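Sequence order for the protein chains is A and B.
Following the working numbering, the residues of the first sequence are numbered contiguously, the last one being 231.
Following the working numbering, the residues of the second sequence are numbered contiguously, the last one being 231.
The C-beta atom is built at its ideal place from N, Cα and C for all residues, glycine as well.
None of the values given here were measured: they were computed from a predicted structure.
Read the structure below first, then the notes.
Protein chains: 2
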Amino acid sequence: MEKADKSCLCENCEFREVVIKYLDDESIKKLCANKKEGLYRKGEIIYYQDDKISDFKYLKRGLVKLYRRNGLNDEQIIAITRNFDFINSMSVFKEEKYRFSVAALEDSEICSINIEIIKKLLTENGNFATGILIRMSNIYEKIITQCLEIRKRNLAGRVAYVLLYFVSEVYNSNIYDLPVSRKEIADYIGMSTANVIRTLSDFKKEGIINTEGKTIEILDIKKLELISDKG
Amino acid sequence: MEKADKSCLCENCEFREVVIKYLDDESIKKLCANKKEGLYRKGEIIYYQDDKISDFKYLKRGLVKLYRRNGLNDEQIIAITRNFDFINSMSVFKEEKYRFSVAALEDSEICSINIEIIKKLLTENGNFATGILIRMSNIYEKIITQCLEIRKRNLAGRVAYVLLYFVSEVYNSNIYDLPVSRKEIADYIGMSTANVIRTLSDFKKEGIINTEGKTIEILDIKKLELISDKG
DNA sequence: CGCGGCTTTGATGTTCATCAAGTAAAGTGG
DNA sequence: CCACTTTACTTGATGAACATCAAAGCCGCG
């Protein structure tokens, strides 16, 4: 991690949209004065499971994975996202430790604010607290819904679902570079790496997608949606 | 559903513990005046997925399942709980509709408060909002963690996990009456009904549990924990 | 150029779903 | 309360889906 090289004016920060509506100038100044910004390179870990929670963290730019380590070579990926802006582990306001780890899948910019300052603002300002409550609920709900969506599908359906997730929720494009390894897709959907690769190969043979290394191009999105829905 | 037969004094209500610390007498009176209490018999549905959200709901007593219907005979159970006291669908403060359904697994007592009243209190009182935020985060985190715990196990491990969940989180006893059908266990752990039954039969043959209809007795909890952990 | 990690493919075996058929239990109407 | 119907449960047999293992190709990096 390195510090951001440009001074942060908070002006283009999306967090501001949540904040500014509810906080007075003084509170905003206080937030800005106490924030730390960090750049994380692709692959770097932003925080570890079981680290002590010290900051409320917000993903300004980039792409991250939220995951849990079970064994040496056994990871479960909980979410891959740009949108879950608050990338804090759940229970950030109660628990002492992060319950999950977060790592950057693309170069990412993180804004950190001391958790005690946020807690104080929450208790002082019900509108702010309600705003945070709603946003966090959305994040949680997305994670749970996605977990259920993946669970109800078979192998091919899960792979199709993930490919389409990148199309619609991450890149907004039918062609993109996978930000994750084949193994990470497997960790995400709860299947074996070999079978994820096999399924991608099958899709390619059937002309549904084209792959070249990390680059994925969706050729027949209707068919892929069909596989995702029926699987 | 029927109305509670005794007048509700809110005195033994656990919700009070969250509330009373932060709300003034007037607010508490307002809450109490606007609450509705309902008794739901085992099997009754408390609210349906896609119902319009009108109330903030709290489980005072009983046991419920939170679930999602995919097809006519295809349900996914998200959680079974006494403890997730706020049995609102997630995003209760933002969404218009419940995203999941809730049904009573045992006779249950539900307290409902108009959502607008709660919203008003949240914005007026940051401490109250923070209290709700923390409690909801705990609920979400439990659901997500459990989803991951189940996902990483195989069939036998999942069945063992669920049996142990009832022991430690629901009944605090090695012998209990299952509040769910075999099919519901299957919907909970994402396996087929036949295989759930087969696994229970296997456990019985191996002397790990005893079953008689809905009654389950754990005979060898160490072994069951082993199966849950290694599976 | 060579090493290690990621990817790919095939072969094999395990795990699990599905189907079918039968039994027990629970609800329903006379 | 009993006959009837329906729903839940149980078990076995079969095949499909998936994991695992192994070997080989590829790619980036020192």
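From the DSSP secondary-structure annotation, give me the bridge partner or partners of residue i.
i              : result
residue 209(A) : 218(A)
residue 104(B) : 64(B)
residue 110(B) : 38(B), 59(B)
residue 52(A)  : 97(A)
residue 86(B)  : 58(B)
residue 71(A)  : 74(A)
Which two residues bound the contiguous beta strand (DSSP E) that contains residue i?
i              : result
residue 36(B)  : 35 to 40
residue 75(A)  : 74 to 81
residue 176(A) : 175 to 177
residue 185(B) : Counting along the chain, residue 185(B) falls outside any beta strand (DSSP E), though it belongs to the alpha helix (DSSP H) covering 182 to 189.
residue 47(B)  : 45 to 47
Could you pull the start and end residues of the alpha helix (DSSP H) that residue i belongs to?
i              : result
residue 139(B) : 126 to 151
residue 157(A) : 155 to 165
Does the beta-carbon of residue i, which I'm using as the reference point, lie nearer than 7 Å to any heavy atom of the ligand ADP?
i             : result
residue 53(B) : Although the ligand ADP was asked about, the structure shown includes no ligands whatsoever.
Quick one: measure Cβ to Cβ for residue i and residue j, integer angstroms, because I've assumed they're closer than 8 Å.
i              : j              : result
residue 58(A)  : residue 101(A) : Not confirmed; about 17 Å, so no contact.
residue 148(A) : residue 143(B) : 10 Å between Cβ atoms; not a contact.
residue 54(A)  : residue 138(A) : Wrong, their Cβ atoms sit about 24 Å apart, outside the cutoff.
residue 163(B) : residue 27(B)  : Rounded, the Cβ-Cβ distance is 43 Å, inconsistent with contact.
residue 98(A)  : residue 140(B) : 15 Å between Cβ atoms; not a contact.
residue 166(B) : residue 135(B) : 23 Å between Cβ atoms; not a contact.
residue 170(A) : residue 39(A)  : The pair is not a contact, with the Cβ atoms about 20 Å apart (cut-off 8 Å).
residue 56(A)  : residue 88(A)  : 6 Å
residue 30(A)  : residue 117(A) : 7 Å
residue 132(B) : residue 72(A)  : About 39 Å; that fails the 8 Å criterion.
residue 187(B) : residue 76(B)  : 6 Å
Legend entry - Three CB pairs or more closer than 8 Å across the segment 92 to 101 of chain B and the segment 197 to 214 of chain B: no
Inset, instruction - With 7 Å as the limit, tell me which residues of the segment 183 to 216 of chain B have their beta carbon closer than that to any beta carbon of chain A; keep them in chain order. - result: 190
Inset, instruction - Scan the segment 124 to 158 of chain A for residues whose Cβ lies nearer than 8 Å to a Cβ of chain B and list them as they occur along the chain. - result: 124, 125, 126, 127, 128, 129, 130, 132, 133, 134, 136, 137, 138, 140, 141, 143, 144, 145, 147, 148, 151, 152
Inset, instruction - Please list the residues of the segment 52 to 70 of chain A that have a C-beta atom closer than 8 Å to any C-beta atom in chain B, keeping them in chain order. - result: 68, 70
Inset, instruction - Note down, in chain order, all residues in the segment 92 to 107 of chain B with a beta-carbon under 7 Å from any beta-carbon belonging to chain A. - result: 93, 94, 99
Legend entry - the segment 215 to 225 of chain A contacting the segment 182 to 189 of chain A, beta-carbon criterion three pairs below 8 Å: no
Inset, instruction - Please list the residues of the segment 22 to 56 of chain B that have a C-beta atom closer than 8 Å to any C-beta atom in chain A, keeping them in chain order. - result: none
Legend entry - Inter-stretch contact (C-beta, 8 Å, three-pair minimum) for the segment 155 to 164 of chain A and the segment 187 to 201 of chain A: yes
Inset, instruction - Evaluate contact between the segment 124 to 137 of chain B and the segment 16 to 24 of chain B, counting only Cβ atoms and requiring at least three cross-stretch pairs below 8 Å. - result: yes
Legend entry - Cβ contact check for the segment 165 to 182 of chain A and the segment 166 to 179 of chain B: 3 or more pairs under 8 Å: no
Inset, instruction - Count the CB pairs spanning the segment 104 to 113 of chain B and the segment 41 to 50 of chain B that are closer than 8 Å, and state whether there are at least three. - result: yes
Inset, instruction - For the segment 145 to 155 of chain A and the segment 107 to 118 of chain B, state whether three or more C-beta atom pairs, one from each stretch, are separated by less than 8 Å. - result: no
Inset, instruction - Select from the segment 158 to 183 of chain A all residues with a C-beta closer than 7 Å to any C-beta belonging to chain B, and list them in chain order. - result: none
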